[in-house]
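Chains as they are written, first to last, in our numbering: chain A, 1 to 286; chain B, 1 to 130.
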């Protein structure tokens with residue numbers, strides 16, 4: 001879950017004019033620790049030439065070994081608050097602590113809190129077929145004003161579930177944090193394309209329309225339930241159906257455990273399919 | 001082994017730490033960052049481009065716009081993934097050679113660092129003195 005839409009400030013690591021040089025190893029130690037805590041760091045090099053900085057954060061913290069103490073710095077445009085910190089006497093832990101103290105509890109996304117898992121569409125490959133929108137049960141996909149598919153609700157995407165990428169006939173959906181290619185963003189080979197096209201007919205998974213099959217199983221389960229009055233057996237029936245999906249590698253176990261009831265699945269699937277049909281119709285069958 | 005900086009104008013360097021997942025080998029990430037820290041060149045680092053894209057971080061737009069003028073070399077993961085991550089945040093990278101993406105998931109730290117710093121390595125034959 002994204003907690004913050006931007007970092008609270010930009011860190012600049014300065015060892016140019018007016019500062020003492022910091023060893024390369026110390027520089028590495030500090031930068032790697034700050035990055036692993038979620039900070040972005042700009043290294044401004046000796047000679048006073050700083051790389052063009054993205055200073056949209058509105059606040060900058062400049063770290064450096066300043067022999068005469070941390071200098072007072074002002075933004076000429078008056079738009080960015082700049083503070084400096086002399087790190088001469090600080091070890092790596094001390095620098096990291098000082099930066100954290102500067103943040104003072106302001107919200108910031110940090111590694112370890114969540115995993116940025118969401119589909120990334122390669123629009124050079126996407127044909128706008130809407131299969132992903134029809135397939136996803138968690139409302140991740142939508143369409144824009146031109147009825148082009150888009151990822152609308154990143155946060156709804158279930159971590160580690162790449163199922164939608166497997167039903168895309170053009171292999172256009174990536175999950176950059178996924179281990180294997182081409183879902184991780186590797187170039188798509190002809191072999192990948194042929195394999196994925198074979199999976200386009202997802203109704204072949206269970207010998208019929210997958211959602212109708214789930215509905216049938218639900219009806220059978222209900223009937224059995226009414227006769228046997230066993231909620232456990234109904235749940236077991238659903239579980240068997242979903243285990244088959246898991247066995248195909250389509251959906252991780254934890255996602256299966258989180259799926260809604262078959263009736264809700266059917267309702268959502270129909271809604272998604274309607275949305276997809278409407279989008280395609282509006283585009284005039286591009 | 002000697003390194004030679006090649007003579008084209010320097011481009012901005014962007015290093016992605018991929019801090020939110022373990023998909024880039026740790027030793028490669030560390031070695032590339034070490035080389036950057038030892039290089040004397042300015043560079044920009046971000047914790048995780050996927051996180052920035054998910055958050056719609058406005059810095060991606062700044063980076064993309066500046067790259068059109070000044071060029072950019074990015075150390076991250078697969079180029080296809082990186083390009084469409086920027087696109088997903090409404091911050092498309094320019095087409096063509098302005099942006100070079102070096103893949104830390106597949107290439108060695110040496111290759112990536114040399115690419116970022118635009119240098120080539122040559123083996124130097126040491127001649128023993130008689």
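The beta-carbon is built from N, C-alpha and C at its ideal position, and this holds for glycine as well.
query = Using the C-alpha atoms, what's the distance from residue 156/A back to residue 39/B?
reply = Approximately 42 Å, taken between the alpha carbons.
task = Buried or exposed for residue 57/B, please, with buried defined as at least 16 other CB atoms from any protein chain shown within 10 angstroms of its CB.
result = Around the Cβ of residue 57/B, a 10 Å sphere holds 16 or more other Cβ atoms; the residue is buried.
ask   = Since residue 42/A and residue 13/A are thought to touch, with beta carbons under 8 Å apart, how far apart are those beta carbons, to the nearest angstrom?
value = 7 Å
request  = Determine the burial state of residue 49/B: buried for a count of at least 16 other Cβ atoms within 10 Å of its Cβ, exposed for fewer.
outcome  = buried
task = Compute the beta-carbon to beta-carbon distance between residue 89/B and residue 53/B, rounded to the nearest angstrom, for a pair I have assumed lies under 8 Å.
result = 5 Å
request  = Could you name the residues of the same chain whose beta carbon sits closer than 8 Å to that of residue 36/A, not counting the 5 residues immediately before and after it, in chain order?
outcome  = 111
query = What does residue 123/A reach in chain B if we use C-beta pairs closer than 9 Å?
reply = In chain order: 84, 87.
request  = If I'm right that residue 177/A touches residue 21/B with Cβ under 8 Å, what's the distance once you round it to whole angstroms?
outcome  = 4 Å
Other residues of its chain near residue 79/A: CB distance less than 7 Å, five sequence neighbours each side excluded = none
request  = Please list the residues of the stretch 33 to 48 of chain A that have a C-beta atom closer than 7 Å to any C-beta atom in chain B, keeping them in chain order.
outcome  = 35, 36, 38, 39, 40, 41, 42, 43, 44, 45, 46
key: Where residue 38/A falls: helix, strand or coil (DSSP)   = coil
message = Which residues in chain B have a C-beta closer than 8 Å to the C-beta of residue 186/A? List them in chain order.
response = 78, 80
ask   = Is the Cβ of residue 64/B closer than 8 Å to any Cβ of chain A?
value = no
ask   = For the stretch 32 to 47 of chain B, which residues have a CB atom closer than 8 Å to at least one CB atom of chain A, in sequence order?
value = 33, 34, 36, 37, 38, 40, 41, 42, 43, 44, 45, 46, 47
inquiry  = Taking 8 Å as the cut-off, does the stretch 14 to 34 of chain B touch the stretch 79 to 88 of chain A (at least 3 CB pairs, one atom from each stretch)?
reply    = no
ask   = Roughly how many whole angstroms lie between the Cα atoms of residue 281/A and residue 138/A?
value = Approximately 23 Å between the Cα atoms of the pair.
query = Exposed or buried, what is residue 41/B when buried is set at 16 or more other beta-carbons lying within 10 Å of its beta-carbon?
reply = Per the 10 Å Cβ criterion, buried.
ask   = Do you know how far the Cα of residue 190/A is from the Cα of residue 58/A?
value = 47 Å
message = Which residues does DSSP list as the beta-bridge partners of residue 114/A?
response = BP columns for residue 114/A point to 111/A.
Helix, strand or coil at residue 142/A according to DSSP, with G and I counted as helix = In this structure, residue 142/A counts as strand in the three-state DSSP scheme.
Pairwise C-alpha distance: residue 15/A and residue 82/B = 30 Å
task = Quick one: grab the DSSP three-state call for residue 10/A.
result = strand
inquiry  = Along the chain, where does the alpha helix (DSSP H) containing residue 101/A start, and where does it finish?
reply    = 92 to 103
Spatial distance of residue 106/A from residue 8/A (CA atoms) = It is roughly 7 Å from the alpha-carbon of residue 106/A to the alpha-carbon of residue 8/A.
query = Could one say the Cβ of residue 114/B lies closer than 8 Å to chain A's Cβ atoms, at least one of them?
reply = By the rule that beta-carbons nearer than 8 Å mark a contact, residue 114/B does not touch chain A.
query = Looking only at its own chain, which residues have a Cβ that is under 6 Å from the Cβ of residue 20/A, when we skip the five neighbours before and after it?
reply = Excluding sequence neighbours, residue 20/A sits near 65, 67.
task = Give me whichever residues DSSP pairs with residue 174/A in a beta bridge.
result = 120/A
Partner residues on chain A for residue 23/B, Cβ-Cβ distance less than 9 Å = Scanning chain A for C-beta atoms nearer than 9 Å to the C-beta of residue 23/B yields 176, 177, 178, 179, 184, reported in chain order.
ask   = Is residue 59/B buried or exposed, if buried means 16 or more other CB atoms sit within 10 Å of its CB?
value = buried
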